[in-house]
Structure formats: C-alpha cells, structure tokens
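This report concerns only the one structure given below.
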Amino acid sequence: MATVTLAAGLVATPGAAYAADTTTTTTTTLSGVEMAAALKTVATTSTAAAEGGWKATMSAVRGPATISTSYVVDPGRGIVVDQSDFGSGPTTEYAAAGKGKYTYMAFSKNFRAVVRMMGRPTVRHMFQPQPTLKLEDHVEATGPTFAKVLTEDVAYAGTKTVHDNGSADYKYSDDDGTTFTMQVGPAGTLAEVLVGSDGLSVTLTYAYGVPQATLPTAISEKVWDQGMAYLAMRAAVKHVASEAAADTSRTAQGRTVKVAALRKIVRSWATATNNNNRAGLKMIKVKDISRGVRVYATNPWTHETVSYTVKASGRKAVVKSG
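The sequence shown runs -19 to -1, 1 to 303 under mature numbering (1 follows the signal peptide of the UniProt record, and there is no 0).
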C-alpha cells in the first residue's frame, strides 16, 4: 500500500503552534464586516505558508457515528492524497498533476477477483489517465482550501480573543445557529477549525510543511477492462459456442447443416461478443476443424485455455467441450 509521511518540520511550523493561553486574554467584538476582513487576512497568510505543502485532518462526530478524513497536498511532487473513513475502513484517492487519478477499488468484489487472477492481490487502485490534470484546479475543486474555509459565508458578528502567545480565536454563529471557532497560530496562519451544531461536532486541523507523498501501485483502466473480460472468459466462450450452434440449427430449418454456414455463423457470434467487451479484445478465437470449428480463448495471466467444438451433425450443430 502507498504511504504518506509528513516531514518532522511540518508540525513545528507556526500554523500548528496554536496553544490557547488562558492566563491572559483580550477579547474584542467584531461586526460581520470586520470578521470577514480579519478571516480574509488569515486566509492570505495561510495560503502563503502552505506553498510548500499542507495537510488538513478532519474528524466529525454525530451520535455514535464518526467520520475522519485527511487531505494532503504535495506541490513539489504534484500529488494530492485524499483519505476518508466513514466507519468501514479507510479509502484513499490520489491525483497526480499531468498524469491522472488513482481510484480506490478494493471495495469491489470484481476488482479483487481481477487482481487475484492477475497475481497482484495487493493492488487496491485503478489508474485513470488525465494528462490535463492541474494540481491547483484539483485542490480548488476537492480540498478544504483556506479560501473556502475562511472567506465563504463568514460575515457574521462575533468575537476575537487574543492569547499571550499571539494566537487568537475567532468565534461566531451563523444564521442556523451553528458555531464556528477559527483558531489561528501566532504567525497568523489557520491552525484549527471547530464547528458545533445540534448533535454534530467537527474538528478540522491544519499543518504546514513539505509532505512526502507517494503514489500507489495500480492497474490502468484499460487493464481493468481486460481483466474483467478474461474473468468472464469461460462463460463467454461457452455462450458463443452454444448460441452459435443453436442459431445454426435454426437456420438449417430441418435440412442438413452445411459446414460453411456453420463456420460463418460461429464467427459472427464470436465477432459480436468480442466487440461487446469494453477492452476491445479479440479474446474469443475461431479455428476451422473437420466438419466445423473450434471456439477458444486463453487467459494471458493464468494461461488457462477454454475450448469448445461446434460441428455439423446431420440436421443439427453439436457442441462439445474441449
């Protein structure tokens, strides 16, 4: 599995150094306009501090349910790592600038079967190429950016409490009664956001520094499609042989089955079935034999071959395995 580690300096930065000093504090009242202006300044400072990389960790609790997420941005490597856990185990999505996205697929029974068939049971992700992917656009669309958290719908009257160490708390409630506390470190960067409403508690924590993000091992979307086709190979070959034989017998209309007609019908069924798989594989092959054809396919990963013969026999086409 891929890992994401954060350099030791990440938690030692000013943004993460927030610590409420309750010895001496100064609290002032802010209007909605003043609150918005103050938080916009924090957003600007935080964005500048995050140029080398940042991480946001969120925990949400409502009754017995807990949700946790982490969002890591590594500009140097052009990687975003987005992990979430809704109570059934973590899933991790990756995005790489100029490359594409890595989608977590291990929840899929078919995906697990495909990678086992390929001899790669530890693979958990599928790669979807997207050469035009830009890191900034992806983060803006999917991440808890400072602009989103600190400048959208924040113009509410509240308070600013400054502690002796230079850190500060900005507190307000919105029109729905949800309370927000923006905890800002001594250097003016956002350290933590606390959100509270009826039965819901959310904590969003930020850290600044240079993360070490690595991409996971994965199979491409094309290989995934190929794997799905070969996973169904046995049934597909049998289907072509059986349906083509039945079609041949019907076409003969009680007359003697002609070998040439049989071969044409079987090849038509094989072509249609091959064209129907998303991978565009010519998986099912047809070979002429005495009085008919052999329909077969070979799995490139397991090297298993499935084969059926379809032969003219009087007024019928007969199917046999092997």
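Cβ coordinates follow ideal geometry from the N, Cα and C atoms, glycine included.
Exercise. Going by the CB atoms, is the gap between L185 and A37 shorter than 8 Å?
Worked result: yes
For this session: Give the secondary structure of F67 by DSSP, where H, G and I count as helix, E and B as strand, and everything else as coil.
Result: coil
For this session: Spatial neighbours of V143 within its chain, please: CB distance less than 6 Å, with the 5 preceding and 5 following residues excluded, ordered by chain position.
Result: T7, A149
For this session: Buried or exposed for K301, please, with buried defined as at least 16 other CB atoms from any protein chain shown within 10 angstroms of its CB.
Result: exposed
For this session: Give me the Cα-Cα distance between K80 and P112, rounded to the nearest whole angstrom.
Result: 5 Å
For this session: Answer yes or no: do P152 and T9 have a C-beta to C-beta separation smaller than 8 Å?
Result: Rather than Pro, the amino acid found at residue 152 in this sequence is Lys. Contact flag unset, no.
Problem set entry | Status (buried if at least 16 other CB within 10 Å, exposed otherwise) for S271 | exposed
Exercise. Short check: CB of V274 to CB of V291, under 8 Å?
Worked result: yes
For this session: Keeping to the same chain, check which residues put their C-beta closer than 8 Å to that of F67; ignore five residues upstream and five downstream.
Result: I48
Exercise. At which residue ranges does the segment 96 to 144 contain complete alpha helix (DSSP H) runs of 4 or more residues, listed in the order of the chain?
Worked result: 116 to 123, 127 to 132
For this session: Work out the CA separation of G147 and P167 for me, nearest whole Å.
Result: 4 Å
Exercise. Just reading off the beta strand (DSSP E) that R264 is part of, what are its end residues?
Worked result: Checking the displayed sequence, the identity of residue 264 turns out to be Met instead of Arg. Unbroken run through M264: none, as it is neither H nor E.
Problem set entry | Close Cβ partners of Y85 (< 8 Å) along its chain, the five nearest in sequence each way excluded | T72, T73, E74, R105, H106
Exercise. Looking at G34 and D63, is the spacing between their C-beta atoms short of 8 Å?
Worked result: no
Problem set entry | One or two residues paired with A278 in a DSSP bridge | V287
Problem set entry | Distance, E121 Cα to G158 Cα | 27 Å
For this session: Would you check if the segment 215 to 226 and the segment 245 to 255 touch, i.e. whether three or more CB-CB distances between them fall below 8 Å?
Result: yes
For this session: Check each candidate in I200, G295, G208, G177 and name the one with the smallest Cα separation from G44.
Result: G177
For this session: State buried or exposed for Y289, treating a residue as buried only when at least 16 other CB atoms are found within 10 Å of its CB.
Result: buried
Problem set entry | Beta-carbon contacts of K82 that lie in its chain and below 8 Å, excluding the five residues immediately before and after | E74, Y75, A76, F108, Q109, Q111, L114
Exercise. For chain C, is any of its Cβ atoms less than 8 Å away from the one on A260?
Worked result: No chain C appears in the structure shown, which is made up of a single protein chain.
Problem set entry | C-alpha distance - G303 paired with H284, whole-angstrom precision | 15 Å
Exercise. Tell me, which residues are paired with L196 by DSSP?
Worked result: Note: L196 sits in no beta bridge, so no partner.
For this session: For the alpha helix (DSSP H) holding K239, just list the boundary residues, first then last.
Result: Counting along the chain, K239 falls outside any alpha helix (DSSP H), and DSSP gives it neither H nor E.
Exercise. Touching or not, the segment 128 to 136 and the segment 13 to 26, by the rule of three or more beta carbon pairs under 8 Å?
Worked result: yes
Exercise. Which word fits A298, buried or exposed, when buried means at least 16 other C-beta atoms lie within 10 angstroms of its C-beta?
Worked result: buried
Exercise. Among the residues of its own chain, which have a CB less than 8 Å from the CB of P125, if the five just before and after it don't count?
Worked result: A37, M39, Y52, L185
For this session: Could you tell me if R296 is buried or exposed, where buried requires 16 or more neighbouring beta carbons within 10 angstroms of its beta carbon?
Result: exposed
For this session: Let me know if T5 comes out buried or exposed under the rule of 16 or more other beta-carbons within 10 Å of its beta-carbon.
Result: exposed
Exercise. DSSP three-state call for A293: helix, strand or coil?
Worked result: strand
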